[in-house]
Every structure is written in C-alpha cells, then in structure tokens.
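Visitor: Residue numbers (our numbering), protein chains in the order written: chain P, 229 to 607; chain U, 229 to 607; chain G, 229 to 607; chain V, 229 to 607. Note that beta-carbon positions come from the ideal geometry of N, C-alpha and C, so glycine has one too.
Right, here's the structure in full:
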C-alpha cells in the first residue's frame, strides 16, 4: 500500500475492504512521507520493519527485487490525487498490478499515459469507484442489459454532501485541505471528488456513454479555491438525456448519492445510503422493492455473487468496497494461475473508467467556462 | 364555475376543495360547450336549471344582472389553458372576482393584460397553484423568511410524472389530448403543465426570484407535438443556483413533485406525495421531521392555520386545494365586509404569480431554442 | 347532527367528510346542551334559526313532524360515548336512519338493544370506524378475500398515540377530560377509544373473527382513572393468532395505527399515517407497493370506488371519513329509491360492527381482571 | 474456531467479522466432524495442516500444549446449539478465553455451569448477540442511561422472519434442519433462535430486567417439531410493560428486528434492516433522525467508538458483528497486558447475558404451557 498512514481515512477503508474476504493480505507499505508516521503505521499494522518503507520508490524497487513468491502481488495507491500518476506508472513499469484511488490522475493526458502502459504491459488495473461494488447496482445494470425497462430515456444522478458548507479547510481539517487545493486535487473540487463517482455510476448502470454536457460550477463558500457545487445537463449516445448534480455544500446532507433511470416501461431508483433496496417502478404494475441477498429467483447471479449475507442482514460501504477488491483478487488469482477471469465474478472498474472520469472532469471544466450551451465530452 | 363538466377531472377537484370548509357554495355554472353535457352537469350538482348556463358569456351577463345578494360572488374558471384569458377578462370586466386554473394564459402578453385589469378593477384574483396550499410548504417558507437556514444557496426542484410515457393522446385519453395539443395547452407541454408548478413552488418557498435559466426540452415520445420532458439550470436573484426538472415520461412515477433547499446552516426537503412531513436537515445536529398538525410549538401560525386535523390524521391534495379556496374566501369575505385580509389567513397565489409563470414558460422556450447557455427570465 | 358544536374536534370532521362529495347537506342540528353554544354553532354553519335546536329530543320530535321532503333524512350523532345510546334509540324510534360515532355505546347490552331496534325497523345504521374508509384498506380486504396470501396465519395490529403521556385531563384539555372519564367514556380508555378501531380493522381486513383474548391493561400516568395502555394476545376463528396493542402514552407518536397480516404466501402492511401505500410482501418475489389511485389494473374495483384522485395526489383522513359517509349516502339514496345497495359502492361499518366493538371492550376488561390466560370473546 | 466449515453460514460471518479490524487472526480450527470437510476448510482458509484439527478435543488439547506466544488466544465456537456447552467448558478448563454463539446452551442449568466456570477461572467470555454491536443500539442505551426519555414505560420489540413459512426442513435446507430439530436446537425454535435476540436487545438498551412473562407459542407449519412463532407480554423490574414477538413464518419478511421504547418524554425507534438511523420521537418537539457516523456532537462516545465510517457510508451486519469481536479483542489485549478494559471500548455481551437468555427460553416454555396469565422469569 502506498499512502494510507495511520490517520488517513481512506487507507483504513481500503485495508478493511481488502482483507474482508480472506483473499488479500497486507505485506508491505509506504504509508507516509514522514518517516516517523510511516514506521508507526507499519507497526500498528503488524508489518515487519523491513517491509515498512519510507518512500514508494524504495518500496517498488525493493519489492521487485524479492523472490516472486515473497514479494507483493499488487500495489494499492491511496494517496491524494496529485500522487496517483507517478507511483502508478512506476509500479506498472516494475511489473506490479495496480489498484488506484479515483480520480485516476490530475489530467486526462496522464490518464491516457497510464492506459497506454496498462495495455502494453497487460497488467491488471483497478480503479476504486466504490459505489459500483454494491450488489444492487450490479442488479440494476443487469436489468437494463436485459432490456427490462426498454430503451433508456432519462438519467438523473445526484451526489449531495454538506460537509464543506463552511470553510473547513481553514480550520485544520486535513481532508478538506487537500480536497480543496488545486495543487493536490486537480482542476475541479466537487466534480473531481464526487461528480466523477456520479458520472461513472450513470454510465456503469446504463451501459450508455455521455456524449455532451452543459455544466455550471460554483464556488459557493467564499475563500474556497475549487468548485464546491455543480450541475450538469447530460446527453447520452442513445439519445437519452440526464442531469448530474454534485454538491459539497448541501448543508445537512451526508453522502446521498442517488440515481434514477427511466426507460419506456419503468424506472429504477437506488440510493447509496440505503443500498440494500432497489426500487423498480413500473408503468403498468405496482413498484417492486428488490432487496440484496433476498428474492433469490429475481436477483441476477452477478448481484448474488456480490452479496455476503442473506436478505435482511444489511451490507454497506465496506462490503461494496470489498467487492471491488474481491473481484480484483479473483481476476488476479485467475490470471496468475493462467485462466481467464469470468465477468460475473471479476467485475471491477478499470483503466477505461479512469480515462473517462478524467475526460468528464476536463469537459465539465471546459463547459463551465464556455458561453455555449453544449460541450462535447471527448476522450 | 366555468368548465368542469361531469367527466372533467379538475372540475370535481375544484368543487370538493371549494366546499370543504363550508365557506363557499356552488350557485351557478357554465360547465360545457355541449348543451346536453352542461345541463346534465348542472343537474348532477343539484343546481336550478336557470342557473345552469350554456356558455360563459351568458353566465357572466346574466349573473351580473342579478341582485347583489343573489348573484355569484366570484367565478372559478377550470377550462383548458386556451380558454382562460377570455372568460377571465370578461368576468373581471363584469366586476366578478376570479379564481383561475394555471397556467394563467397561453401567452405572457395575455397574462399581463389580465394583471393590468386586476390592478385597475381592484378585484381579487386567485391562481390555483395547488401545491403551495400544503401547510408544510407554508412552514418551509416561514422558516426561510425567519432565516432558519441562513442565506439560501441551492434549490433543487423536480416534478417527475410517468403518465405520458406512451402516446396516450392517440388512445382517446381526453386529458392527454388537450395537454399535448399546442392549440389548447400553449407553447410548452411539460413545462407549462408541471414545470410552472415547480418554478412557482421554488419561488414561493424561498422568496427568491429566478433571474436566468438554461433549459433543455425534449419530445421523448415519438409523434408528440409538445415537450414532455425538460431540465432547467436556474440562477436566483440572491446568487443562489438551482436545477428544475419536469418530466411526463418518467415511467412509473405518479406525481412526485419534490423540493430541496439548502442554506448555510441546513436544508429542507418536502415531497408532495407524503406532504405531511417536512424534513429539516441541519449541518450541526440531527435532522428533524416536522409534521403537519403536530409539534405545535414548532409549527408557525401560518402552517397551523392551514391544517384541519391533528398530527397523524393525514391531509392531502384536496385539503391543499381547499386551503387555496379557503384563504381566498377569507380574503374575499374580509374585503366584502370592508376589512383588510391578514396575510396568515388569506395566503393564496395571485396575479403576479400567474404573470411570472407565463414568463417562465416563455423564457424556457427561448432558452431551449438558443445555443447560448443562459437566457434572462424577464417579465 | 347531534353534538359537534363549534369547538368540537370531531363535529367539524364529520361535517367536512359528509359534504365532500356533494351528496349530503347539513339541514339541522342540536349542537350543544348550552343554548348559547348551540345557537352560535348553527349560525356559524349558516343554518336557519328554526332548525338549530336546543336539545336532541326537540330536534328529533320537530324534524319528525316536518313534511317528508323537508325533514332530515338521517341523523349523525357525534357526542361523547355516554350520549350515544339514548339519542340513537330515539332517532330510530322516530324513523330516522342513524350515523353514530364509535364506540357504539357504553355497554354491550345497550349495543344489543340498538341492534335489535335496527333489525326491527329496517333503518340504516352506520358506525364511523373511519379507518376502514381508506381505499387501500378495502384493497387489502379484497386481496385476502381472493386468497392472494393463502390462509391467514398472523395479525399484528398496533395503535400508538402519545398525546396522553401527561395528565392532560387536569390541564383543561376537553378531549382528554371526557375520554379519560369513566362516566363519559365507558369502562375502558385506550381500548375503547382506539383499541376498538384496531380490532375492527383487523376483523374487517381479514374477514376473521376474534374468538379469544388475553389482555393486559395499565394506567401508566398516575392519577388517571382509565387504562391508557393495553396489550392483547388474540386468537381468531380460523386458528390464526395475533397481537393488538393500543397506547395513549407512546410519547412522541401521533396516530400511528398500523396493521400487518401474514398468510402462507406473503404479507400485507398498511399504516394510517401514510395511507396511500399498501406494502405487499411476497415469500417468493419482491415486495410490491400498491398505491391508491394508481396501478389501475391491480387495484380492485372496491378500492378504486373509494379513491377521488389519481395516483400521487394523496388522499387522507378526511377522504377516508368521507368514504364512510359517501357509501352510506349511496346506500341510503338507493334504498330511498327502492333499490338494493351494491356492496362495492355502499360499504360502511354497521350495527354488527358496533356490537362486536362493545363485546371486544367488555372481553378485554374481563380478561385484564382475570388471572387466567385466555378469555373468550362472546357477543 | 470450532465449527464453521466451508459451507456453514455463520462461520464465514464470524471470520469476516473477526478479521475486519486487523486485531484478530485465525490460527487454527476444528471445522467439522467430517475429516474431509475439516481439512478442506482449513486449506481454504490458508491454515497450516498441523493446525487444522479433526475434533475440538484434539484442538484444545494440542493448542494448550503449544508455547504461550504461539497458541491461540481464544476459541470461537460457532456450532449448532447442542454443541455449545461441551467445547466451551473444555476450552475454559484448558484456560482459553471463549467466544460463543447464542443461545448459550441447551438448558439453563448448563448455562449456569458455564457461568460458574467463567467466574472461577476469570477468563473472558463473549456471547455473540450481534445486534447490540450496532453503534446506534449503543447510542440508544446511552441516551436512556442519561435519562433522555425520562422513566421508561413501554417496550415493543419484534423479530419477524418469513424464511420458515414452508416446511423447509424437509427440503434439504441444512439451516432449517438443525434449527427446527429439538435435539440440536433446544426446547424452543423461534424463541431460542430469534426471540432471545429480541429479549437481549430490550434489556440491553433499556437497562431493565424482564421479571414476568405471558407467552403464547405456536407451531404454525404443520409437521414442524418446534414453535415457529410466539408472542410474549412482558413486565419489567421498573414497572414498565412490553410486548415481544418473534416469528419465522411472517411470510415475506427478511430479518426485521425492530425495537421501540417509550418514556415519559419521548420514544426511540430502531430497525436492524436500516441500522444507520435511530429515530427519536419527542413529545414536545419534532422527531429527530440520529445517524451513525454523523451528528458528531450528538452521538455519544460509545456510539462513535463503534463506527468505522463517516455518516452516509452505511455500515451493516458484518460491522456490528465485528464490533463484538473488536471490543472483545480490546478487552482481551488490555487484559493480556495487565490493564482494565474500559467500558466504552470493550462493550460486548457476556456470560450473564447468556444465562438470562436461557432463563428467558425456559420461562417462555413454562408460560406457554401454563393456563395462568403470568409466569415469573427466574434465573
């Protein structure tokens, strides 16, 4: 693991998710630029001192030098955005598979370089768009693939948070500091941090691609350097339209990612904060509540493959995150043993998703700065 | 009453709402252009034959000729949009107060003519934007007036319906026929029929005015003549931004008007389909559920004045509609007895609301046809 | 109308409900024992002075003396429980049909006397068990009649209120005063006031009869004279079992009547505070949300006959109450014109329901005072 | 670990929960009586062959013989009920701390023997009553301890499941087989399997003790050997009353454990299927929604100590289970290092809870067989 020292939020999440299914073990880490912090983190995690590295350069180099059965199988990079590209490229160059936090990089160009490298090396690459790890998100995708709703017409996806309603970055909040800092976060705040999740979710479930966008971004809190709120009108490649909103200043909201998709015959509604229910609304019959783990003959295999508990035993964010890791681990071990991963059991976001995410961010920025209504989203 | 013959949906709603509080009595009507239907409707409603008129011209003329204590006090016009202007103007000219269905007219220009006439005559004019009749909508407005949320930053208002997901207007559905017909409905379908409700609700609760819009309209169902779906980015006069969506092709949705408003300190959420709960989300403490009729020390007087039942005895659409009528009746009887209506007990949408509604429609049409991102909403 | 003077809660509810559909008109009233109040109430309701009576004796006698086309068709009695029997019996003796508030009387014996009189006279008798007026309650009953759930096994019905959590009857609250006074309310507080609604709802929907009960009653608030909380285990005539709870001291609750019924194949859940949704849970497929006014091919005719608005336009307590009146009015006018009322359009609680309600109260009291587990409910 | 072979439901749950926080590592196991299954399970879990034992006798004996720093620290017993007592007693006798599935034993007498042994040895003992691991359950307990609701008056706890609506035990379902078999499960089906959870939850949150019960048990599905449904009236040691229901034949329900508790000032409502929200209903102000991970100044330290993610990132059943293990691990490592565990960070159900659980089952059986209304619950 690169990054994720002992006080980092997302590092602990990654570790809990990675180990949940007993398929992945933490064997080494470069947890911090600060040597003291790096060592304390390693100790806290019961790592031997010789595999607690003080920099990612050192880690990648030394691990590459270990015998195959001893060295790490892949590297998980959980640093702030501006430190994604370099260690990821370095790891790929050294022959390591990579798990990377989103957004993939700081620029679309960097993302494309990584993509090229992944294609050249044939290594596995996983981007932790957590929310597509939920079983009912996979169920929704499967239903749309099977034309349960008919042609898709509308996509409304929203991601309201309220935590940045005040100028938290001036109050010593570390998360707020780097996420609102263009040097560390990139060109967009709200759209980079959460808008990309929303865009990815919309494309993932519908199987459609965003083609054109009309974006309005705002810095709502005075003194902030990056947008903390944005609204985007969307056009998709099948003619469907949509709206994407992402806000970090929707005061009182927690992490209310929600998507609604409508086709000719009905609609789907899913909200991340109650992820074990998928509401299916039909035009000609009563709405249905699909539940994770339950209703076995109705749930698709791909959804069930991502459930750990029977209906009524709620699974949550860590389990969704663990599904990303589990599916990556299945793909990796299949690959390591010479096989071909099956789509149902090895479904995780990859390098193309990362490139599209960066293209989304750059197109939103371009559109927000334009007086024209529509801007093409080009990759 | 003008329009609202025995098979008309909205006529029956108006009558039930008008009589609910025992303040208003139906005394005459011109229910249909079809004499047979007009007469049958009058008979069904227990009206005497001599006050069941065959045209609104006749009704207005004859009623005006009756002694003051006998003739109708006001006229309610519940015809399709294209027949709003003429009878309303005629009624005002004849000295009758007017209750009119929304949208006010077919063009902004007509709306302004009515406004001018109302100002000149000093007569009362009520536009039945039903949804602001709900007590918790009034509560929301009152809370924002009292700065409970601080400065308003975001407004998300949505109005999804699914009933026009098919080409219903070709299947003999009367409602669908006139509402999708530009001759009868006006320049916009979804925005005129339901978008205006959403825009009005947003302005009513926040006390803000929409200044600029960026609209995208679609005809989703092939063969339809008017937009059945639209999305609008909004800017308000205090710098807040928002998104308004209105769709008649959100398959599986009923009448899911919903608004969320965020300020510096928290947010409000209200949904018409469960209108007796107002969710108040706070940035620094747990969300609260305000309930119609309950929590007496927390509900404002204006909210309580629009409740009929104690908490837990749900009120609905007819009661909201009845509040519009009741408040109009209170204003009217106060005026008739020479007094000044009090805002708390005589709060109903008026002629300015109607004019702004028409301006909204015309601006949306203009924006939808423009390649520029933003169009001013001018009245 | 007998009772229901200008400050009475339930009188205003009855009037709003009765007039909602334009089938019933208030023509006379004996609103109060207090002559001043009686007259003011009549004036407030626009009644002529000669039909505002000072006692129900006077009203029944004088109305009976009017010509048939002039006198009232039926009498609605909305007084506290202890004044149900005498005016009801008097009205029946004078040949008037009767609408009576629940519980029917103060003792089971009185209830049986009324029943006998109703049978003898052939007059119509309606008991306002409001909650069975909701369209989805009728839908639930219809589904069970058609064996959608298979054999019924479990019935859980609960009626939590919190309004009597304090000794409100000592604070000048009129409602609390009479409802907690054995002289005016009868032998039971919580069970008489709300437990009877719950028992009636359970029998109405399931079509089953309670045969045995095991009751525990409490006076939770010190100083109160009647039970304010009770729990009852139930056995039904088909072998199903159940639990009924009724509490007036569930602090923070409003009027949360809720019922869940399970059969071999699935279950039904309905809650009065969100009455427009009926949740149907299936053992072998996803749960469904049936909605009032919507899903037309799924809703039974009897449910639709009790809806006024299309789906998504919520109806509430007053509409449910109005359905009782409307169905009574349909039955009455059918009878007056010599016809036979149809079950679908004239479904309202009658004299047998009232007798069973009184039997329930007396059995609960008996069981609560017994050390034996089970007490038969005998009528 | 004893039990929990590769196809066992609860074994996998225990392991995922135990390892989640990186504090506990699986070092050995006796997973099955079937040697093949035992070995395959060990291999699947990456255990060395010499620590994959073929019986728990062997495991306890051999582990006890290992050097202190090598041998297991504690044993987790996840076998069916009838195999709880013997291995637990054996482990305690060998000096191992114990984590045991509930219900603790098959008889109250066995439970008391274990309790005696735990007291004598001073070893730690944890009973996995999972549901008290949820952070908001701890929040509820803390609020009641701090008298937020005033004196507690009512407790309603319900545990509806539907999975045994058919005679599943005859269809080859392993879970159904042993859970409905008196030889393996004990004297009660529904009350032993889920009723004990409900009773424990009620006592845990309120801090009250059940003193008297009035139970009715049923075998609803013909051919079953143990009760699959039961209802229990409760009396608590402070005079409060309550109702507990547990059903395995509530067709269509998943695992809908729910508790409502009312005091003088308000009530609490928590449902396991949406565990991240605690509804607090107040008598004199709006209801509040407390959310796991959020509302930081309102959540107690003990609740926050049991959250892993910030508000809006839902946690579920595995995290609740992991809290039991984490708190046990904290207590154990504190103890191993000579310290005293703090209540806030080492709160897990213990041997007294197990004994009371068995007393509850035996009292319910006694009451169900009695014609008297009330039976004392004696431990």
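Comparing the C-beta of residue 504 (chain U) with each C-beta of chain V, is any distance below 8 angstroms?
Guide: On the second chain, position 276 is the one that residue 504 (chain U) refers to. With 8 angstroms as the cut-off, residue 504 (chain U) does not count as an interface residue toward chain V.
Visitor: Can you list, in chain order, the residues of its chain with a C-beta nearer than 7 angstroms to that of residue 578 (chain P)? Leave out the 5 residues immediately preceding and following it.
Guide: In the first chain, residue 578 (chain P) corresponds to position 350, counting from 1. 353, 354, 355, listed in sequence order.
Visitor: Kindly indicate the opening and closing residues of the alpha helix (DSSP H) around residue 406 (chain U).
Guide: Along the second chain, one-based indexing puts residue 406 (chain U) at 178. Per DSSP, residue 406 (chain U) belongs to the alpha helix (DSSP H) from 402–407.
Visitor: Apart from the five residues on each side of it in sequence, which residues of its chain come closer than 7 angstroms, Cβ to Cβ, to residue 557 (chain G)?
Guide: Translated into the one-based positions of the third chain, residue 557 (chain G) becomes position 329. These residues qualify, in order along the chain: 251, 252.
Visitor: From what residue to what residue does the beta strand (DSSP E) around residue 600 (chain P) run?
Guide: Against the first chain, residue 600 (chain P) aligns to sequence position 372. Run containing residue 600 (chain P): none; DSSP gives neither H nor E here.
Visitor: Just the chain B side, please: which residues come within less than 9 angstroms of residue 408 (chain P) by C-beta, in chain order?
Guide: Protein chains in the displayed structure are P, U, G and V, and chain B is not among them.
Visitor: Near residue 318 (chain V), what residues of its chain come up, given a Cβ to Cβ distance below 8 angstroms and the 5 sequence neighbours on each side ignored?
Guide: Reading the fourth chain from its first residue, position 90 is the one you call residue 318 (chain V). Cβ within range, chain order: 284, 285, 288.
Visitor: Distance, Cα to Cα, residue 415 (chain V) vs residue 589 (chain V)?
Guide: Position 187 of the fourth chain holds residue 415 (chain V). Position 361 of the fourth chain holds residue 589 (chain V). Rounded to the nearest angstrom, the two C-alpha atoms are 8 angstroms apart.
Visitor: Give the range of the beta strand (DSSP E) segment to which residue 463 (chain P) is assigned.
Guide: Along the first chain, read from residue 1 onward, the residue named residue 463 (chain P) stands at position 235. Where residue 463 (chain P) is concerned, the enclosing beta strand (DSSP E) stretches over 457–464.
Visitor: Looking only at C-alpha atoms, which of G:303, G:493, G:505 sits nearest to residue 512 (chain G)?
Guide: To locate residue 512 (chain G), count along the third chain from 1; it is residue 284. When each option's Cα is compared against that of residue 512 (chain G), the closest is G:493.
Visitor: Specify, as a first and last residue, the run of the alpha helix (DSSP H) that residue 427 (chain U) falls within.
Guide: Sequence index remark: in the second chain, residue 427 (chain U) carries index 199 (1-based). First-last of the alpha helix (DSSP H) with residue 427 (chain U): 424–434.
Visitor: Are the stretch 418–438 of chain V and the stretch 366–381 of chain V in contact at 8 angstroms, needing three or more beta carbon pairs?
Guide: yes
Visitor: Tell me which same chain residues have a C-beta within less than 7 angstroms of the C-beta of residue 359 (chain U), skipping the five on either side of it?
Guide: Within the second chain, numbered from 1, the residue matching residue 359 (chain U) stands at position 131. Answer for residue 359 (chain U): 365, 425, 429, 485, 500, 548, listed in chain order.
Visitor: Looking at C-beta atoms only, is the number of pairs between the stretch 376–392 of chain V and the stretch 472–481 of chain V that lie closer than 8 angstroms three or more?
Guide: By the criterion of at least three beta-carbon pairs nearer than 8 angstroms, the stretch 376–392 of chain V is in contact with the stretch 472–481 of chain V.
Visitor: Residue 367 (chain G) versus chain U: which residues are under 7 angstroms apart at the beta carbon?
Guide: Against the third chain, residue 367 (chain G) aligns to sequence position 139. Simply none; closest approach about 16 angstroms.
Visitor: Between the stretch 475–500 of chain U and chain P, which residues of the former have CB atoms less than 8 angstroms from a CB of the latter, in chain order?
Guide: 475, 477, 478, 479, 480, 481, 488, 490, 491, 492, 493, 494, 495
Visitor: Nearest CA to the CA of residue 532 (chain G): which residue from G:554, G:322, G:363?
Guide: By 1-based counting over the third chain, the position of residue 532 (chain G) is 304. That would be G:363, whose Cα lies nearest to the Cα of residue 532 (chain G).
Visitor: Quick one: list the residues of chain V neighbouring residue 273 (chain P), beta-carbon separation under 9 angstroms, in chain order.
Guide: Walking along the first chain from the start, residue 273 (chain P) turns up at place 45. Chain V residues near residue 273 (chain P): 250.
Visitor: In the DSSP assignment, find the unbroken beta strand (DSSP E) run with residue 505 (chain G) in it and report its ends.
Guide: Walking along the third chain from the start, residue 505 (chain G) turns up at place 277. From DSSP, the beta strand (DSSP E) with residue 505 (chain G) extends over 505–510.
Visitor: At the level of alpha carbons, what is the spacing between residue 277 (chain G) and residue 606 (chain G)?
Guide: In the third chain, counting from the first residue as 1, residue 277 (chain G) sits at position 49. In the third chain, counting from the first residue as 1, residue 606 (chain G) sits at position 378. Going by the C-alpha atoms only, they are around 46 angstroms apart.
Visitor: Who are residue 446 (chain V)'s beta bridge partners in DSSP?
Guide: As a working mapping, residue 446 (chain V) is identified with position 218 in the fourth chain. BP columns for residue 446 (chain V) point to V:457.
Visitor: With 8 angstroms as the limit, tell me which residues of the stretch 537–567 of chain V have their beta carbon closer than that to any beta carbon of chain P; keep them in chain order.
Guide: 537, 538, 539, 540, 541, 542, 543, 544, 545, 546, 547
Visitor: Would you say residue 535 (chain U) lies against chain P (beta-carbon separation less than 8 angstroms)?
Guide: Position 307 of the second chain, counted from the start, is the residue given in the question as residue 535 (chain U). So, not an interface residue.
Visitor: Tell me the DSSP bridge mates of residue 354 (chain P)?
Guide: Taking the first chain and counting its residues from 1, one reaches residue 354 (chain P) at position 126. According to DSSP, residue 354 (chain P) shares a beta bridge with P:327.
Visitor: On the premise that residue 539 (chain V) lies in contact with residue 503 (chain V), defined as a C-beta separation below 8 angstroms, what is that separation, rounded to the nearest angstrom?
Guide: Start at 1 with the first residue of the fourth chain, and residue 503 (chain V) comes out as number 275. Start at 1 with the first residue of the fourth chain, and residue 539 (chain V) comes out as number 311. Residue 503 (chain V) to residue 539 (chain V), Cβ: 13 angstroms. No contact.
Visitor: Please report the distance separating the alpha-carbon of residue 350 (chain G) from that of residue 526 (chain G).
Guide: In the third chain, residue 350 (chain G) corresponds to position 122, counting from 1. In the third chain, residue 526 (chain G) corresponds to position 298, counting from 1. Straight-line Cα distance between these residues: approximately 36 angstroms.
Visitor: Does the beta carbon of residue 523 (chain U) come closer than 8 angstroms to any beta carbon on chain V?
Guide: If you number the second chain from 1, residue 523 (chain U) lands on position 295. Yes, residue 523 (chain U) lies at the interface with chain V (some Cβ there is under 8 angstroms from its Cβ).
Visitor: Less than 8 angstroms between C-beta atoms, sequence neighbours within five positions excluded: which residues of the same chain meet that for residue 568 (chain V)?
Guide: On the fourth chain, position 340 is the one that residue 568 (chain V) refers to. If we look at residue 568 (chain V) and ignore the five residues flanking it on each side, its Cβ neighbours are 562.
Visitor: Quick one, which residues of the stretch 595–607 of chain G are near chain V if we go by CB-CB under 9 angstroms, in chain order?
Guide: Taking a C-beta cut-off of 9 angstroms against chain V, the contacting residues of the stretch 595–607 of chain G are 595, 598, 599, 600, 601, 602, listed in chain order.
Visitor: Enumerate, from N- to C-terminal direction, the unbroken alpha helix (DSSP H) stretches of 4 or more residues contained entirely within the stretch 274–345 of chain P.
Guide: 284–292, 313–321
Visitor: Given residue 306 (chain G), which residues of its chain have a CB within under 6 angstroms of its CB, disregarding the five upstream and five downstream residues?
Guide: Here residue 306 (chain G) refers to the residue found at position 78 of the third chain. Around residue 306 (chain G): 231, 232, 238, 239, 242, 329.
Visitor: CB-CB under 8 angstroms to residue 423 (chain G), same chain, minus the five flanking residues each way: which ones, in chain order?
Guide: For this step, residue 423 (chain G) is matched to residue 195 along the third chain. Excluding residues within five positions, the ones whose Cβ falls inside 8 angstroms are 387, 416, 458, 460, 472, 474, 588, 589, 592.
Visitor: Of the residues V:308, V:449, V:298, V:338, which one's Cα is nearest the Cα of residue 255 (chain V)?
Guide: Locating residue 255 (chain V) in the fourth chain gives position 27, where the first residue counts as 1. When only C-alpha atoms are compared, the closest one is V:298.
Visitor: How far does the beta strand (DSSP E) with residue 488 (chain G) in it extend, from its first residue to its last?
Guide: Within the third chain, numbered from 1, the residue matching residue 488 (chain G) stands at position 260. Note, residue 488 (chain G): beta strand (DSSP E), 486–491.
Visitor: Does the separation of the CB atoms of residue 546 (chain G) and residue 335 (chain U) fall below 8 angstroms?
Guide: Mapped onto the third chain, residue 546 (chain G) falls at position 318. Mapped onto the second chain, residue 335 (chain U) falls at position 107. Not a contact, by the Cβ cut-off of 8 angstroms.
Visitor: Measure from the C-beta of residue 244 (chain V) to each C-beta in chain P and report whether the shortest distance is under 8 angstroms.
Guide: Against the fourth chain, residue 244 (chain V) aligns to sequence position 16. Closer than 8 angstroms: yes.
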